[in-house]
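Residue numbers (this note's numbering): 12 to 491. We put the beta carbon where it would ideally sit given N, CA and C, even for glycine. From a predicted model like this one, the values you see are computed outputs, not experimental measurements. Worksheet for the structure shown next.
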Ligand code: GLN
C-alpha cells in the first residue's frame, strides 16, 4: 500500500507513531499528483514544489497534505475563483479556515479548480479548463468544488475543502465517490471565502471516510468574530463514535420526490440504504415537502443570482486583479474589464440578478423569493418535528459526459433540486458513498439531511451507514 492511499485518520496515526515521515507522505502525494494531473486538471495553482513553508505546529494535522478550493483566500498565494477577472490576484490575508488548518499543521498542495465564482455544477465553467472525473475522465467531476472532490478521489490528498451554496460540496462528492459535508450555515466561518450568495454559502470538507470528516470539522468548526453568521454560545463536539447506530431514530423519505424520475442505480441505492438504516435500528417514515419540491429551484436561483449580482459589483478593475490601462473613461474601463474578465455564465447571472432586484420588479421577484424561502425553512422545521433525518438523492442521475449539459442550462439548474433546499434553510447535508454501479463502475452517492446544528449527529449517522457500504477505492484517473 502506498502512503497516498491512506485515509486521514490512518495518516495521522502513522505520522504520530513515526511509521513514516511527513516528507515521505508529501513525496507520495506529490508523485500521485505528477502522475495524474495532466489527465484530471484538478488544480489552478500548485503549491507542492517543496514542503513549502515551515510549519512548527504540533497540531493534529501536522504534516498532512491538503487542497483548498480556489475561492478560499490564501495570503500571498494566487486566488482566482476560476475567473480571469481576478487575474494574478494574491490576497493580503487568509480565510479563517486556512488559518485553522495551517495552525493545526496542514500542508497546502494547491488551489483547486471550480466553476467560476462557484456558479455551476460541472466544473466546466472555469477559465482554467474543465476538471475530469478521476473515476472516468470522459465525465464531469461535478461542481462547483469539482477540483477538491477530484483531488481527494484520485488520492492526491486525504482531505480537502470546498464551498456549498446550492450543492457544490455534496454533488461533486457524490460524482467522484467521496464523502462531503455541507455544514449548518454558521458552523464554519465564511471569512475569506469569495462570496457568491452570502446567505447561502458555507465551507465544508471532502474526505474518503466519515471519521475523516469528523476530524476536519473538529478543526474548522470554531466561532469566528469575523463572520457575523458564526455560531456562538456552544461548543460543537465532533467526536467519532465507532459504535454509532440508529436505534430509535426516525429517517424520512420525501413523499413528493418519489414521483420524480431517478436513474436506476440511484433508485437501487435508495432501496439498499433504506435496508441498511432499518438494520441499524431506524424507522423509515415519510414527510411531505410540497413547497420545497415545487418552488425551491426557482426560489434559490432568484436569490443566488440577486446576491451574486451585488457581491460581484466589486470587480471593477480598480481594486482587484485584471484591469486595462488605456481606457478613456471610467465607464469604458468598467465595461472592458467586466466584459473580458467574467465568463458567460457569470455574466448572465449578474444580468439576471440586476433584473430581479431592479426597483420596479424587486417586490415581484427578489422579495417574493425571500418569502418563499421563509416557507421553505418552516416546512423543513415542521418535518424535523417528525423525523431525525431525511434521506434523499444528491442528484437524479450519475455524472454526465463532459459537455453533455452545456446545451441545456435549465436542465443543469434543475438537477440541483435535491441539494439547494438545504442551503435555503441553512441545514447540514451529508453526501455519502454507497458503492459502485455495475454498468460503468461509477460511484453512487446519496444524501442525509439533518436539522440545524445537528451536524455532529448527522456524521455519526453516516458512520452507521458506512459500516455497511465501506469506503470508496482511490480512483485511477485514467491510468491503469
Ligand atoms: N449549481 C448551483 C449554482 O450554480 C450551486 C453551486 C454552488 O453550490 N456553489 O448556483
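Query                                                                                                                                                                : Result
Which residue's Cα is closest to the Cα of residue 197: 463, 480, 484, 482?                                                                                          : 463
Could you work out which residue in 279, 83, 363 is closest to residue 204 when comparing CA atoms only?                                                             : 83
Closer than 6 Å between the C-beta and any heavy atom of the ligand GLN: which residues qualify, listed along the chain?                                             : 129, 130, 131, 132, 155, 175, 176, 177, 178, 179, 207, 315, 427
In chain order, what residues of the same chain lie with their CB nearer than 6 Å to the CB of residue 148, ignoring the 5 residues before and after it?             : 50, 489
Who are the Cβ neighbours of residue 75 in its own chain at under 6 Å, not counting the five residues just before and after it?                                      : 22, 117
Hey, residue 57 and residue 121: beta-carbon distance below 7 Å or not?                                                                                              : yes
Helix, strand or coil for residue 442, going by three-state DSSP, please let me know.                                                                                : strand
When you compare only the Cα positions, how much space is there between residue 180 and residue 343?                                                                 : 37 Å
Of all the alpha helix (DSSP H) runs that stay within the bounds of the stretch 162 to 202, which reach a length of 4 or more residues?                              : 181 to 187
Given a cut-off of 7 Å on the beta-carbon distance, is the pair residue 320 and residue 287 in contact?                                                              : no
To which residues of the same chain is residue 252 closer than 7 Å at the C-beta, ignoring the five residues directly before and after it?                           : 471, 474
For the alpha helix (DSSP H) containing residue 213, list its first residue and its last residue.                                                                    : Looking at the DSSP string, residue 213 is not in any alpha helix (DSSP H); the run it does join, the beta strand (DSSP E), is 213 to 218.
Would residue 107 and residue 207 be called neighbours here (beta carbons separated by less than 7 Å)?                                                               : no
By alpha-carbon positions, which one of 364, 324, 135, 367 ends up nearest to residue 346?                                                                           : 324
Using a Cβ distance threshold of 8 Å, determine whether the stretch 311 to 320 contacts the stretch 396 to 412, with at least three qualifying pairs required.       : no
Residues bridged to residue 15 by DSSP?                                                                                                                              : For residue 15, which the question treats as bridged, DSSP gives no partner whatsoever.
With DSSP run on the structure shown, which of helix, strand or coil describes residue 490?                                                                          : coil
Between residue 44 and the rest of its own chain, which residues show a CB-CB distance below 6 Å, the 5 nearest in sequence each way excluded?                       : 167
Applying the criterion that 16 or more other CB atoms from any shown protein chain within 10 Å of the CB defines a buried residue, is residue 113 buried or exposed? : buried
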